[in-house]
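Structure, as structure tokens:
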Amino acid sequence: MDLVTGIKERRSIRKFQDKKVPRELLEEIVNISAYAPSWKNTQVARYMIVDDEQKIAELANEKVAYGFEGNVAALKGAAAILILTYVKGRSGYERDGSFSTKKEDRWQMFDAGIAAQTFCLVAHEKGLGTVIQGYFDEDEIRKVVEIPEDQEIAALIPIGYPDIEPAAPPRKDASKLLTFR
Ligand SMILES: Cc1cc2nc3c(=O)[nH]c(=O)nc-3n(C[C@H](O)[C@H](O)[C@H](O)COP(=O)(O)O)c2cc1C
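Residue numbers (our numbering): 4 to 184.
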């Protein structure tokens, strides 16, 4: 699959087949995702993948999803859930711990966002569906899965073999998005 096709045809997938995803495949996707760019190549993104059925069931609850039923359903039906985190205090920081720019700590979420999109595109190329979820309660997730204190959660990403082929939601084109100066 060429890059442009992959970018255009990747969709958010919220319904999955009842089929496990091999760990080797997930490992391969992470190894490719590691080529995503990051602040001074700090590579702060971490990929914690929950593929244990019991743990998935525990994560798929209303408190984790802020009561958003659509997210609960996607989590429940997933073969695996990526808890995408970043190591705090490196991306966007100087060695002495001060912020490098006026964006302060926001570069770490920026890096995590690039990692998320890269992971989702590679997963798509490998025949997997994903959906980035922003509606999640970090404290509730930490009750189910142990996450190192020096990391913060950037997104939850349910993963699985797609059971739907959604049409692309409409996109703005360059006439609305682009300005030249
Ligand atoms: C930062 C971010 C947060 C999102 N949060 C959610 C979410 O909580 N639940 C959900 O179903 N989709 C979520 N989405 C997916 C968007 O709704 C989706 O990308 C958008 O509608 C475009 O559809 P497409 O991904 O199929 O192109 C999120 C996407 C992003 C980038």
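For every residue, glycine included, the Cβ atom is placed at its ideal position computed from N, Cα and C.
A distance below 8 Å separates the beta carbons of isoleucine 156 and isoleucine 150. Cα atoms of valine 24 and alanine 171: separation of roughly 25 Å, rounded to the nearest angstrom.
Counting along the chain, the unbroken alpha helix (DSSP H) around alanine 119 starts and ends at 109-128.
Here glycine 95 is near aspartate 108, since their CB atoms are less than 8 Å apart. Bounds of any beta strand (DSSP E) do not take in glycine 9; it lies within the alpha helix (DSSP H) bounded by 6-12. When secondary structure is reduced to three states using DSSP, arginine 145 falls in the helix class.
Spatial neighbours of alanine 115 in its own chain (CB-CB distance under 8 Å, excluding positions within 5 residues in sequence) are listed in chain order as Val47, Ala48, Leu87, Thr88, Tyr89, Ala157 and Ala158. Leucine 159 carries a strand assignment under DSSP once its states are collapsed to helix, strand and coil.
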